Amino acid sequence: MAKQARAMQTWRSIVDAAASVFDDYGYERAAISEILRRAKVTKGALYFHFASKEAIAQAIMDEQTSTVDFAQEGSPLQSLVDGGQQFAYALRHNAMARAGTRLSIEGVFLGGPHPWGDWIDATAGMLELGKERGEVLPHVDPMVSAKIIVASFTGIQLISEADTGRADLREQVAEMWRHILPSIAHPGVIAHIKPEGRVDLAAQAREKAEQAEREAQEIAAAAEAARGAATAGRSGGSAARGTRGQLGGEGADEPAGASAGGRI
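When we follow the numbering used here, the leftmost residue of the sequence shown carries the number 56, and every step to the right adds one.
Here you go:
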């Protein structure tokens with residue numbers, strides 16, 4: 056089990072390091088040597104897990120969908136919107152999401168799996184669920200609409216990256232949904248959908264960071280107080296020992312003096 060855990064950790068280190076390299080340089084300019092340097096693994100370890108640079112890139116493209124969780128309970132359309140906003144947030148804060156998107160846009164695997172296949176399938180699945188629950192209009196073809204949604208998201212995130220470094224991506228994706236929802240959803244459902252997503256992920260992350268900082272400060276303060284108490288305890292002990300030594304010295308002098316007096 057320990058050997059298997061180490062192997063998984065090595066695999067994870069390689070994929071994470073490669074994601075950062077592909078994010079920085081793209082597929083063609085990404086060097087295996089740089090992936091090895093960032094992953095801190097040997098060439099033999101890398102090729103034990105991956106036969107080629109293309110295999111590493113494919114693993115990253117497979118991994119990027121893990122940044123999104125399409126909730127199956129509640130409104131399928133709201134879950135679809137929320138998932139899009141999750142990925143919009145990941146594109147700003149997660150190298151795996153950025154690398155997978157860049158690799159897909161570069162069209163690295165034209166002879167292999169469809170670079171957008173997982174996203175299209177996941178989106179079509181949520182639209183199909185929406186039809187079953189009466190949210191999506193009967194005439195909507197889930198696969199056709201899924202392709203339009205994924206293509207629209209891809210174009211919008213590229214424009215947002217060029218305009219603002221994706222700083223406005225959440226609102227741009229919300230605008231995309233405001234345009235698309237009337238063509239696929241029942242009117243009564245649209246009023247209950249939040250195009251910005253049910254959760255402001257950036258605000259949530261800031262709140263968690265602030266909470267973590269407060270907890271760190273509390274721990275540091277407690278540690279400082281403990282060190283102060285320990286220092287005070289040592290100082291008090293030293294003073295007590297000094298007092299006892301001084302008293303002992305005086306007591307020793309008295310008998311000596313008395314003895315001398317006796318001799319006089």
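Glycine is no exception: its CB is placed at the ideal position from the N, C-alpha and C atoms.
Computed from a prediction, not measured in an experiment: that's the story for all the values here.
If we call anything under 9 Å between Cβ atoms a contact, is residue i one with residue j?
{"i": "Thr-120", "j": "Ala-177", "result": "yes"}
{"i": "Gln-212", "j": "Leu-146", "result": "yes"}
{"i": "Tyr-82", "j": "Leu-158", "result": "yes"}
{"i": "Arg-221", "j": "Ala-143", "result": "yes"}
{"i": "Ile-235", "j": "Ile-274", "result": "no"}
{"i": "Met-151", "j": "Val-76", "result": "no"}
{"i": "Thr-65", "j": "Ala-100", "result": "yes"}
{"i": "Asp-124", "j": "Asp-173", "result": "no"}
{"i": "Gly-184", "j": "Val-195", "result": "The sequence shown places Leu at residue 184, rather than the Gly named in the question. Cβ atoms of Leu-184 and Val-195: not closer than 9 Å."}
{"i": "Ala-62", "j": "Ile-90", "result": "no"}
Can you tell me where the alpha helix (DSSP H) with residue i in it begins and where it stops?
{"i": "Gly-185", "result": "172-187"}
{"i": "Gln-141", "result": "131-148"}
{"i": "His-234", "result": "224-239"}
{"i": "Gln-119", "result": "Looking at the DSSP string, Gln-119 is not in any alpha helix (DSSP H), and its letter there is neither H nor E."}
Can you tell me whether residue i is buried or exposed, with buried defined as 16 or more other CB within 10 angstroms of its CB?
{"i": "Ile-115", "result": "buried"}
{"i": "Ser-130", "result": "buried"}
{"i": "Ser-200", "result": "buried"}
{"i": "Pro-193", "result": "exposed"}
{"i": "Gly-139", "result": "buried"}
{"i": "Gly-162", "result": "exposed"}
{"i": "Val-218", "result": "The sequence given here has Asp at residue 218, not Val. That one is exposed."}
{"i": "Ala-179", "result": "buried"}
{"i": "Gly-304", "result": "Note that Gly-304 has pLDDT 49, beneath the 50 cutoff, so the model's placement of it is unreliable and the number below is only indicative. It is exposed - the Cβ of Gly-304 has fewer than 16 other Cβ atoms within 10 Å."}
{"i": "His-223", "result": "Sequence inspection shows Asp at residue 223; the His mentioned does not correspond to that position. Exposed, since its Cβ has fewer than 16 Cβ neighbours within 10 Å."}
{"i": "Gln-113", "result": "buried"}
Would you identify the three-state DSSP class for residue i, choosing helix, strand or coil?
{"i": "Val-191", "result": "strand"}
{"i": "Ala-126", "result": "coil"}
{"i": "Ala-94", "result": "helix"}
{"i": "Arg-67", "result": "helix"}
{"i": "Ile-204", "result": "helix"}
{"i": "His-247", "result": "coil"}
{"i": "Phe-103", "result": "helix"}
{"i": "Gly-252", "result": "coil"}
{"i": "Arg-221", "result": "coil"}
Okay, do the region 101-109 and the region 188-208 touch, 3+ Cβ pairs below 8 Å being the bar? no
Would you check if there are 3 or more beta carbon pairs closer than 8 Å linking the region 239-248 to the region 208-222? no
May I ask you to verify whether the region 123-140 touches the region 79-98, counting CB pairs closer than 8 Å and requiring at least 3? no
Any 3 or more C-beta pairs closer than 8 Å across the region 217-237 and the region 189-208: yes
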